[in-house]
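Protein chains in written order, with this note's numbering: chain D, 394 to 493; chain G, 10 to 582; chain B, 259 to 537; chain A, 1308 to 1505.
The C-beta atom is built at its ideal place from N, Cα and C for all residues, glycine as well.
Structure first, commentary second.
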Ligand code: HEA
Ligand code: HEA
Ligand code: CUA
Ligand SMILES: [Cu+2]
């Protein structure tokens, strides 16, 4: 809520519609990209990049993160850091095995 | 905030004591349930210690419960061991430290009328109780309760008896409860601090609860995920944790394969390492409060311990694989985890050092609460110091999964955390009930506990150095390398039973003091924090304070030069 | 410190690399002892000196010096010296420098299973035969050795009996058939989890034969009890009895033992043929 | 006694309680799905037999694309319902919230067809690790959708009384429900490529 005036809100409706359109387009782009003949590594990164852009749009506009309070951003920053650790450290540990 | 004395209509017994949404009632519910579970978890261990001291000799009195001819069966031993660990940690200590003390005293210490979400608070308790009951149900299913250790490593746990499924369901409920609780604690601390209560004026206890809240919030969900995966393995026949080509008792296991046992270990320890700091941080918080109060001087280096605790909480997320050095870890990644483990020991050193230095120049009152708090310091010291060689992969080669590890962590959780919790009970009982616990019984409780608990755990280091593995049904008697140190088992077991007896004065104390103990005044210990200075004993139902206090200074303004009273309450203008 | 730890129960070390591990353990125990005694004395003194009766009025400021920060830094430094100077190199040596046959090491495979250690020797050709889980038969072929593989012809397995030569690097590739176990040789400072789906190498070199070791035990409570393999990871209800035996031979004795095993294998095969005819 | 900052924002933090509460809850949800994603990464990278690549070939990309669009639309209607509420347009609010519920229903129906098609082909969670993680992830996601639907339904019908009694608090609640709903959408945005496209 954070003190949106009526005008502000009307303006943001336009933004929401824009975000919606971008999300729809990006969805199609992802699917199209998956038919490209890419190596699995490239395909993965491309898909993740598109998904992250979409995710940022949702979180930034729909969830108002772009204008959110620092406390919340700090909590999410912390979470994000731990998320990255959780996602990749086990995997790095796995490939660093001397034997498989 | 309103000055009305009576805004409440009479509530039914159920609303008031059972389905209450008052944080104080919920705190007490948590406390009683957790104490019962602690006693139960301890009882399991007292039974197991018979088997360790006198392997394969029939147990007197209760033997028939656990196997033919009164000899406890190995599978029963494993069940009791796994349940002891689970109960002590998830049903005993955490609910007592966070659910009971956190719930009861965080709002009081920050000058809030209740937790931010009272209904959530109530559901968190009921989830916990449901989780506990489901866990207990495990004892009655075929094959008995979960028997793969509290760590539940697959493939063993994947192919274990039904008890493991029950355990997983119980865990899912307990995790849910913790998540609800931690959302509540953090929101309460951020949002409901009284006017003037800035971050650096928070009592240290509140800080520790705040950090603990984050550990629970962010570390538990991966275990919930892992629990779901293990449930799938057990119930839907998937093989998240099962590689291809397993042969169990001569039969090729009929699963698709392709999973990895190590995946579970990562997800489990991602929780379980932060979890151990969940066990210790609130304990440090309680000890901090009591030290300041009974030395009659401020905690030394308040800011540094706050920073150290926060750093400890942060680092605890990146050390987990020090439990997994022996899983064939490469040199790069083990270097990383060894380094983080060494780094994480530093904030503990900082905190302990600050606490020791706080004693200097104090005017120490030796009441029971203080004795337990003081006992905590060297005991945690022993436990923490013995964690260091475990954190180095090279020395962990010899010590991993031996009784050295058991000794290490019991020193931190039993004479460490449990003592701190006892200290908390003696310290805050007058506030919660309006009655003071009997000091004489308290001192008996302290000294006997102190002696016997060391009698149990100190010899474990010796056995661990000798290389005796943990989780052995016969205590390792048949191994050659146990020859020289096996005899210690008898003494350890005896100490454990005596420690059990030593709890009797405590239980009696709780009962008789509640009934006919000395009346406590509102600020029984002449403390400075809000729960003592602004709330009656016991605090007012449903709103804690007559008037929400305003805060003007730091938490431990004892013996301020120039003030004749000897202490200045936080709320004094 | 090592003497003290050995008095306390640490078994003597009989492997080449074990000394380094003992050194790290000792260094840490020095640090621990030092901190414990230092702080312990300080603690006891404050308890005595600053009790309410002796010091009725507390001092608001307390300690003003910052010696303690120095102490904290010192602890951190010592930890890092041990870490970088000892711990990391030792571990790197353990996991990166695993020798193989070409380096002159004796290669053996150990396959753990619920409550037993299957030891797999490559036989005279020095090459391990293929294995197939479908061939596993608990009675006759616990590790599923594929007899149709020529390399498997001279392979032999033992249960719970590991024999190795002294003064020679031993490389063991460890795996498991069912659940996680942990291969632990206390006197050799060797421990490694056996994880199903993985084969993990470990290595060590014995400095003493079993015979010599038994001699050192004469007169002690352990007299007559040689080296053992312990299982260090909970693996089910028989975890406590998953005990193996390790015999360290002199070079000649080891060769003799190998020959003996090869002979046994031949006899077994003969018996099999006899059996077939009978049928 | 009333709990402070239930409705109005606290000055120094700039938040009302539920706002922080829901974000903390979402943070824990991030870690929950993070655990599963971590499992996905771990298992996929260790997958020597290629069950992941071949498994995702079996999935129905057009249906999932459609479902992605459905969920995105539901996010938009969700936010529009909150906007309408802020503008005091109750009718539009109900329309938008109702559409959200409807779209969620469509998502589930499509998912139902996807699941049954798999079952018909004899594909179950125990078929391979890929399908194990596919069913687990999408199943858990569906549970989240269902949960969201229950809450949305509550505010649409029985809970909407509050709109008159405590309008501001009601708006806050819709905002928090919206945050949750967008999060569920966000999870799907990542699930879609990793399960269907890679
Ligand atoms: C409350 C619980 C708690 C706490 C606080 C700790 C603290 C630490 N733990 Fe422990 N740990 C456990 C609970 C805990 N642990 C449990 C339950 C297990 C076993 C799980 C299982 O396998 O079942 C375990 C296992 C465990 C292992 C795995 C061992 C193995 O399986 O091989 C390791 C390895 O690194 C480790 C390391 C550490 C370290 C470095 C610390 C450090 O944080 C310690 C830092 C503290 C200090 C360095 C003390 C400083 C004190 C002074 C300087 C003052 C001294 C003064 C006097 C004594 C007077 N722990
Ligand atoms: C918080 C954690 C915690 C606590 C407090 C304890 C406390 C104790 N533990 Fe436990 N233990 C574990 C966690 C804990 N343990 C874990 C995780 C394991 C590993 C399990 C596994 O292998 O998977 C383990 C394993 C373990 C073993 C090894 C078993 C094996 O490997 O085979 C042993 C052996 O002696 C043991 C003993 C004890 C003893 C004697 C106590 C005593 O200190 C208990 C003292 C308890 C009290 C003093 C509480 C008294 C309570 C009251 C007085 C309440 C009063 C009640 C009312 C008023 C209603 N424990
Ligand atoms: Cu095998 Cu324990
Ligand atoms: Cu740890």
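Classify residue 582 (chain G) as buried or exposed, calling it buried when 16 or more other Cβ atoms lie within 10 Å of its own Cβ. exposed
Looking at the unbroken alpha helix (DSSP H) that takes in residue 394 (chain G), where does it start and where does it end? Per DSSP, residue 394 (chain G) belongs to the alpha helix (DSSP H) from 377-399.
Note the first and the last residue of the continuous beta strand (DSSP E) segment covering residue 1479 (chain A). No beta strand (DSSP E) holds residue 1479 (chain A); the alpha helix (DSSP H) holding it covers 1474-1498.
Between G:323, G:56, G:364, which has its C-alpha nearest residue 350 (chain G)'s C-alpha? For residue 350 (chain G), the closest C-alpha among the options G:323, G:56, G:364 is that of G:323.
Report yes if the C-beta of residue 387 (chain G) is less than 7 Å from at least one heavy atom of ligand 5; otherwise report no. For ligand 5, the structure offers nothing, since it holds only ligand 1, ligand 2, ligand 3 and ligand 4.
Presumed contact (8 Å Cβ cut-off) between residue 413 (chain G) and residue 469 (chain G), rounded CB distance: Confirmed, about 7 Å.
Decide if residue 485 (chain D) is buried, meaning its Cβ has at least 16 other Cβ atoms within 10 Å, or exposed. exposed
Report yes if the C-beta distance between residue 1342 (chain A) and residue 121 (chain G) is below 8 Å; otherwise report no. Taking 8 Å as the Cβ cut-off, residue 1342 (chain A) and residue 121 (chain G) do not qualify as a contacting pair.
Can a CB atom of chain A be found closer than 8 Å to the CB of residue 540 (chain G)? no
Residues from the region 330-346 of chain G in contact with chain D, defined by Cβ distance under 9 Å: 330, 333, 336, 337, 338, 339, 340, 341, 342, 343, 345, 346
Against chain G, which members of the region 480-498 of chain B pass a CB distance test of less than 8 Å? The residues in question are 480, 483, 484, 485, 486, 488, 489, 490, 491, 492, 493, 494, 495, 496, 497, 498.
From which residue to which residue does the beta strand (DSSP E) around residue 532 (chain G) run? From DSSP, residue 532 (chain G) is part of no beta strand (DSSP E); its letter is neither H nor E.
Thinking just about the alpha-carbon of each residue, which of B:497, B:317, B:278 is nearest to the one in residue 570 (chain G)? Here the closest residue by C-alpha is B:317.
At 7 Å on the CB atoms, spell out the chain G contacts of residue 1426 (chain A), in chain order. Those within 7 Å of residue 1426 (chain A) in chain G number zero; the least Cβ separation is about 13 Å.
In chain C, which residues lie with their C-beta within 7 Å of the C-beta of residue 241 (chain G)? Included in the structure are the protein chains D, G, B and A, with no chain C among them.
Members of the region 217-249 of chain G near chain D, C-beta cut-off 7 Å: 227, 231
Look at the alpha carbon of residue 1397 (chain A) and the alpha carbon of residue 453 (chain D), and state the distance between them as a whole number of angstroms. 26 Å
Candidates G:161, G:184, G:296, G:280: closest to residue 492 (chain B) by CA position: Checking every option, the nearest Cα to that of residue 492 (chain B) belongs to G:161.
Less than 7 Å between the CB of residue 500 (chain B) and some heavy atom of ligand 2, yes or no? no
CB of residue 353 (chain G) within 8 Å of CB of residue 325 (chain G), strictly: Yes, Cβ-Cβ distance for residue 353 (chain G) and residue 325 (chain G) is below 8 Å.
Any chance the region 80-100 of chain G sits against the region 542-557 of chain G, with 3 or more Cβ pairs inside 8 Å? No: fewer than three Cβ pairs fall under 8 Å.
So is residue 470 (chain B) buried or exposed if we call it buried at 16+ other beta carbons inside 10 Å? exposed
Chain-ordered residues of the region 125-139 of chain G with a beta carbon less than 9 Å from chain A: If the cut-off is 9 Å between Cβ atoms, the region 125-139 of chain G has 125, 126, 127, 129 near chain A.
With a threshold of 7 Å, establish whether the CB of residue 353 (chain G) neighbours any heavy atom of ligand 1. yes
First through last residue of the alpha helix (DSSP H) which encompasses residue 229 (chain G): 213-240
Do residue 35 (chain G) and residue 128 (chain G) have their beta-carbon atoms positioned less than 8 Å apart in this structure? no
Could you check which residue in G:61, G:114, G:106 has the C-alpha nearest to that of residue 287 (chain G)? G:106
Quick one: residues in its chain with C-beta nearer than 6 Å to the C-beta of residue 1385 (chain A), no 5 flanking neighbours on either side, listed in chain order? Scanning its chain for C-beta atoms nearer than 6 Å, with the 5 sequence neighbours on each side dropped, one finds around residue 1385 (chain A) the residues 1407, 1485, 1488, in chain order.
Between residue 388 (chain B) and residue 382 (chain B), what straight-line distance do the alpha-carbon atoms span, to the nearest angstrom? 15 Å
Bridge-paired residues (DSSP) for residue 504 (chain B): According to DSSP, residue 504 (chain B) bridges with B:420, B:485.
Let me confirm a value: residue 302 (chain B) is counted as buried when at least 16 other C-beta atoms fall within 10 Å, else exposed. Which label applies? exposed
Just checking: is the beta-carbon of residue 1354 (chain A) within a distance shorter than 8 Å of some beta-carbon in chain D? no
Report back the beta-carbon spacing between residue 335 (chain G) and residue 450 (chain B) to the nearest angstrom; my notes put them in contact at under 8 Å. 6 Å
Would a C-beta distance cut-off of 8 Å place residue 1509 (chain A) and residue 227 (chain G) closer than the cut-off? Shown here, chain A extends from 1308 to 1505; a query on residue 1509 (chain A) therefore has no answer.
Residues of its chain near residue 1461 (chain A), where Cβ-Cβ distance is below 8 Å and the 5 sequence neighbours each way are ignored: Contacts found: none.
Give every residue of the same chain whose Cβ lies closer than 7 Å to the Cβ of residue 497 (chain B), excluding the five residues on either side of it in the sequence, and list them in chain order. The residues are 489.
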